Amino acid sequence: MLKPWMKKRPDETEQEAFNRRSRTCYFCPREDKTVAESLEHEKEHETPRNQKTDHHPEA
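The sequence shown begins at 1 in full-length UniProt numbering and counts up by one.
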């Protein structure tokens, strides 16, 4: 399912929507000028795999 900001806008063609989505963050509605900028921004939302956010010490 697409996030609300990823849906095709009424004034867009399918190609325009595709191009915009490729430059839009998956996690927030931020749009960047390039795909590379968008991918770099998305990294800010990711938690490194070697960090455990829900660490439960063993008893």
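In this text, a Cβ means the ideal position worked out from N, Cα and C, and glycines have one as well.
Predicted, not measured: the structure shown is a model, and the values here were computed from it.
Contact check for Lys-33 and Arg-23: beta-carbon distance about 7 Å, within the 8 Å limit, so the pair qualifies. Remark: C-beta atoms of His-45 and Phe-27 approach each other more closely than 7 Å. For His-41, the uninterrupted alpha helix (DSSP H) segment begins and ends at 35–42. Rounded to whole angstroms, Glu-37 and Pro-29 show a C-alpha spacing of 14 Å.
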